[in-house]
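Taking it in order: structure first as structure tokens, then the write-up.
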Amino acid sequence: MLLEARNLRVTYRTTEGDVRAVDGLDLAISESEVFGLVGESGCGKSTVVKALFRLLPPTARIEADVLRFRDHDLLTMAPVRFRREILMREIALVPQSAQNSLNPVQRVGPQIIEAIRAHSTASTAKARERVAELFDIVGLQSELMERFPHQFSGGMRQRAMIAMALAFEPALLVMDEPTTGLDVLVQERLLGRIRKIRQRIKSSILLITHDIGVIAETADRVGVMYSGRMVESAPTTALFAASQHPYTLGLKNAFPSILELGRELISIPGSPPDLSNPPKGCGFSERCPFALETCHAQRPALLKVGSDHLSACIRTAEIEYMRDAASKKLTWHS
Amino acid sequence: MALLSVEHLTKHFSLGRDIGAVLRRQPSSWIKPVEDVTFSIGEGEILGIVGESGCGKSTTCNLISKLDDATSGKILFDGEDVTHLSKTALARYRAQVQLIFQDPFDSLNPRLKVFDIVAEAPRALKLWDEAEIARRVPAMLALVGLPPERYAQRYPHQLSGGERQRVGIASALVPEPRLVIADEPVSMLDVSIRAGVMDLLRDLSTRLKFSCLYVSHDLSILTHLCDRVMVMYLGQLVEVASSHDLVNSPRHPYTRALVAAVPVPDPAYRRQPVEIMGELAKPVDPPPGCRFAPRCHLAMPQCSETPKMIEVAGRHTVACHAVVE
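Chains as they are written, first to last, in the working numbering: chain D, 1 to 334; chain R, 1001 to 1325.
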């Protein structure tokens, strides 16, 4: 296992009490796979990234039963050592709105050279050679190294950030909402590029997004997050073909597809729970049409429901019935 | 009869000249976000506009809602020319043409309660007296799924994104407009909530009998919601068709690329290859002719002349020399 988190909890201390943004997350990513993490705003997916990269503010507390990257215990590792030995070399991040993450007053190439030299002993000339190679991998011409970020389009800036993250061929590349804010055609090209990068580099990718269309096309395995927890995880084909959790069923109902124009879209009633006052039981119980008394009181564990398929729902045994009922609008909006 | 017809609508902005350009006697540059656009919206119809950033979809909305004046061309509303309006006529027009904005977090006044936000337009347009407003606003809140007894006295910060967008819809609909212009109204909302807001808009358009111009960059949302969709590229209208025809038989090479690029939530689906070259330009001093030609794999010499919109099937029009041949 490349990355393993068990019962990961991240709590923000605020003036209105503690907010638990990640509340017992289980996550496992294997070598050379693309793991897609989907969830809506406020489900805690970005906090997971911050926890992994130690980017949490001092008001946040991070706890876990296990938080391991290969044989490093990320929980106890000193931040200095993490930055020197793990960051960039083993795990690299392409941040959210990466298009705006470059320094506007410095040429793009030198910025990446600087990043490489900060994490290694490479000479400037060696680093420059490496940047040219990286530009080739992400599909940018090497002449562009001498340009400023404003001379790049949004998609090109995004690719430059990916090039920087790939500098040391990290074992895990984390991309936080890489396609958000890009035009469809630019997004299509970027996803094509990510697929090409995978053929050349054997890094695993953790792809965080709210777009299940992007997940369907890119990920090998998917994890669905809701209210700070993983509610379902499975290989991509299994997750779409045989969804197990009512939230996943609801998400699929609500997502439009140009292949099924006649299909009625069904929204999920209500809104996600307030994390400063989280429900005692299942986080989805307030919005779930299948919720029982126990769902509001007791938290379901993430259990195995098929090969490599986990789901956190106590009514898993009745999945056939739930799947059938979930496709009807009246089930959700009565 | 069409509720709104737009004929040869054009908007050019001057970028101005710096002192160097003046001394060198260079002409100033022009951004041409909308160029010779002609279309119409029928009574009760939901018409979508799709395109990438800079395609002129938002400028087109601004021109129709009279937030900006057209450089040339004509806008006819209910048969009447509204391209140039006096102040009083403009107020009358604004009551009939309302906007729903993209960002439900920024577009509501944080100091006003929901009731007052929804009452703002009728008050500003002096449509009714307070008694009438006190009757109509709660009714409208109920209609958009916000029971007035629970929501009327709340402030925007006490609402979720989906609830705020419903407030935005209520304030657009309370003056009983005949045309609603919605510019990316769900793009900031979570997927699970989006469908509800789209349903609401569709349902209310039949019940309250208004037409809707719905702008989005997301083709899958548009084709689910709209009767017809028009595709714009760098200020030019390239194709108009029913949602079904646009997705299943797109004709313009740009539309084909756009349809092929839409992510589909089905891991088994294999997409058509996207045939498009180069990067998206800005509509600054565009050369004459089809603006898509530099990225088009079908481009030919005639493309330096602007192609006309030609009907290729019932209610399906395309502007492309290569396709028409």
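The beta-carbon is built from N, C-alpha and C at its ideal position, and this holds for glycine as well.
These numbers come from a predicted model, not from an experiment.
Residue range of the alpha helix (DSSP H) that residue i falls in?
| i | result |
| --- | --- |
| Asn1062(R) | 1057 to 1064 |
| Arg1111(R) | Looking at the DSSP string, Arg1111(R) is not in any alpha helix (DSSP H), and its letter there is neither H nor E. |
| Glu129(D) | 124 to 137 |
| Gly192(D) | 184 to 200 |
| Ala1313(R) | It is not in any alpha helix (DSSP H) - Ala1313(R) instead sits in the beta strand (DSSP E) that spans 1310 to 1313. |
| Ser120(D) | No alpha helix (DSSP H) holds Ser120(D); DSSP gives it neither H nor E. |
| Val415(D) | There is no way to answer for residue 415(D), as the model of chain D reaches only from 1 to 334. |
| Ile258(D) | Ile258(D) -> no alpha helix (DSSP H), and no H or E assigned at all. |
| Ala254(D) | 246 to 254 |
| Lys329(D) | 329 to 332 |
| Glu1132(R) | 1130 to 1143 |
Can a CB atom of chain D be found closer than 7 angstroms to the CB of residue i?
| i | result |
| --- | --- |
| Val1240(R) | no |
| Pro1267(R) | yes |
| Glu1130(R) | no |
| Pro1156(R) | no |
| Pro1263(R) | yes |
| Asp1285(R) | no |
| Val1191(R) | yes |
| Gly1196(R) | yes |
| Glu1052(R) | yes |
| Glu1149(R) | no |
| Glu1035(R) | no |
| Val1274(R) | yes |
| Glu1279(R) | yes |
Need the endpoints of the beta strand (DSSP E) that residue i sits in, please.
| i | result |
| --- | --- |
| Met225(D) | 221 to 226 |
| Asp23(D) | 17 to 29 |
| Gln1098(R) | 1097 to 1100 |
| Asn1248(R) | Premise fails: Asn1248(R) lies in the alpha helix (DSSP H), 1243 to 1248, not in any beta strand (DSSP E). |
| Lys1074(R) | 1072 to 1077 |
| His1321(R) | Premise fails: His1321(R) lies in the alpha helix (DSSP H), 1321 to 1324, not in any beta strand (DSSP E). |
| Glu34(D) | A quick correction: the sequence has Val, not Glu, at residue 34(D). Looking at the DSSP string, the run of the beta strand (DSSP E) that includes Val34(D) is 34 to 38. |
Could you tell me whether any Cβ in chain R is nearer than 7 angstroms to the Cβ of residue i?
| i | result |
| --- | --- |
| Ser153(D) | yes |
| Gly213(D) | yes |
| Phe53(D) | no |
| Phe35(D) | no |
| Ala21(D) | no |
| Ala160(D) | no |
| Glu129(D) | no |
| Val184(D) | yes |
| Ser243(D) | no |
| Glu40(D) | yes |
| Glu16(D) | no |
| Phe240(D) | yes |
Can you find a heavy atom of the ligand NAP that lies under 6 angstroms from the Cβ of residue i?
| i | result |
| --- | --- |
| Tyr12(D) | For the structure depicted, the ligand NAP is absent and the ligand set is empty, with no information on it obtainable. |
Would you list the residues sitting across from residue i in a DSSP beta bridge?
| i | result |
| --- | --- |
| Lys1011(R) | Val1034(R) |
| Tyr12(D) | Val19(D), Ala60(D) |
| Asp65(D) | Answer is none; Asp65(D) lacks a bridge partner. |
| Glu1080(R) | Phe1077(R) |
| Val1284(R) | Ile1031(R) |
| Val174(D) | Leu93(D), Leu206(D) |
| Gly1048(R) | Tyr1214(R), Val1229(R) |
| Pro1273(R) | Pro1273(R) is not bridged to any residue. |
| His1316(R) | Ala1313(R) |
| Asp73(D) | Arg68(D) |
| Pro235(D) | Arg221(D) |
| Ala343(D) | There is no way to answer for residue 343(D), as the model of chain D reaches only from 1 to 334. |
| Leu87(D) | Ile91(D) |
| Gly1042(R) | Ala1002(R) |
If the cut is a Cβ gap below 8 angstroms, which residues of chain B does residue i touch?
| i | result |
| --- | --- |
| Leu251(D) | The structure shown has no chain B; the protein chains it does contain are D and R. |
Using a Cβ cut-off of 7 angstroms, which residues of the stretch 1057 to 1088 of chain R contact any Cβ in chain D, in chain order?
none
Where the stretch 1215 to 1227 of chain R meets chain D: residues whose CB sits under 7 angstroms from a CB there
His1217, Leu1219, Ser1220, Ile1221, Thr1223, His1224
Give me the subset of the stretch 286 to 303 of chain D whose CB atoms are less than 7 angstroms from a CB atom of chain R, sorted by chain position.
none
May I have a chain-ordered list of the alpha helix (DSSP H) segments no shorter than 4 residues that lie completely inside the stretch 263 to 327 of chain D?
293 to 297, 319 to 326
Ordered list of alpha helix (DSSP H) runs contained in the stretch 1165 to 1239 of chain R, each at least 4 residues
1191 to 1207, 1219 to 1225
Mind checking the stretch 255 to 283 of chain D against chain R and listing, in chain order, the residues whose C-beta falls within less than 7 angstroms of any C-beta there?
Phe255, Pro256, Ser257, Ile258, Leu259, Leu261, Leu265, Ile266, Ser267, Ile268, Ser271
Taking beta-carbon pairs under 7 angstroms, can you tell me which members of the stretch 211 to 236 of chain D lie near chain R?
Asp211, Ile212, Gly213, Val214, Ala216, Glu217, Thr236
Would you list, in chain order, the members of the stretch 1160 to 1179 of chain R that have their beta-carbon closer than 9 angstroms to a beta-carbon of chain D?
Ser1160, Gly1161, Gly1162, Glu1163
Chain D contacts from the stretch 1198 to 1210 of chain R (Cβ-Cβ distance under 8 angstroms)
Met1198, Asp1199
Residues of the stretch 1132 to 1144 of chain R in Cβ contact with chain D at a cutoff of 9 angstroms, in chain order, please.
none
If contact means a Cβ-Cβ distance below 7 angstroms, which residues of the stretch 1240 to 1254 of chain R contact chain D?
Ser1243, His1244, Val1247
Report the residues of the stretch 188 to 211 of chain D with a CB closer than 7 angstroms to any CB of chain R, ordered along the chain.
Glu188, His210, Asp211
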